[in-house]
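A.B. asks:
Numbering (my numbering), first residue to last: 40 to 207.
(1) Between the stretch 158-178 and the stretch 127-140, can you find at least three pairs of beta-carbon atoms closer than 8 Å?
(2) Indicate whether residue 104 and residue 57 have their beta-carbon atoms separated by less than 9 Å.
(3) Leaving aside the five residues before and after residue 181 along the sequence, list all residues of the same chain whose C-beta is less than 8 Å from its C-beta, in chain order.
(4) Just curious, the alpha helix (DSSP H) that residue 78 is in, first and last residue?
(5) State buried or exposed for residue 123, treating a residue as buried only when at least 16 other CB atoms are found within 10 Å of its CB.
(6) Quick check: the stretch 108-115 against the stretch 85-93, are at least 3 beta-carbon pairs closer than 8 Å?
(7) Cutting at 8 Å between CB atoms, please list the residues of its own chain near residue 165, excluding the five before and the five after it.
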C-alpha cells in the first residue's frame, strides 16, 4: 500500500467518529423539565448551593426528555467503537502472529524465543489498555440498559481507572 493510502486509512476511524459525534451533540441538551430534575439531583448529590449547568440523558424517563434515551449513545459511542477496536486489535494480533510464524524457514531456538517474546509484548501493549477500559464501558452499558442511576460510586469507579499507568 502507498503511504497516502495508509494515512487515509489510519485517520478514517477518527474522522467517521467525529462525524457521528457532530450529528448527535444536541441529544445531550435536556428538556426544561428534565434539566430541573438533573439540577436538583446534582445539588443534592454534590452538596452545591449555587447555579448548576447540567447536560445529560436518561433511560428511565424518556417522556421527560423529548422521548430521547441513551440507547443511541450506548450503541454509537460505546458498543460500536469497542467492537470495532477489538476486531481491529484481534485482526492485527492475528497478522502479527502470522508474520512471526515462519514454518518454511529454519530458525534458531533463540530467534523463536525472541519472536514469542515480541508477540507477547505486542499482545499486552494492545490488549491490556482495552481490557482495563472495559470496566467503565461495562458499567455504562449495564446502567444504560437496566435503567440504573449512575451515582457517585460509578463516577469514582470511572475516575479511579485513570490512576492505572497503562492508561496514562
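Ideal Cβ placement from N, Cα and C applies to all residues, glycine included.
C.D. replies: For this structure:
(1) yes
(2) no
(3) Here the set comprises 187.
(4) 71-85
(5) exposed
(6) Flag = no, the stretch 85-93 and the stretch 108-115 do not touch.
(7) 128, 131, 132
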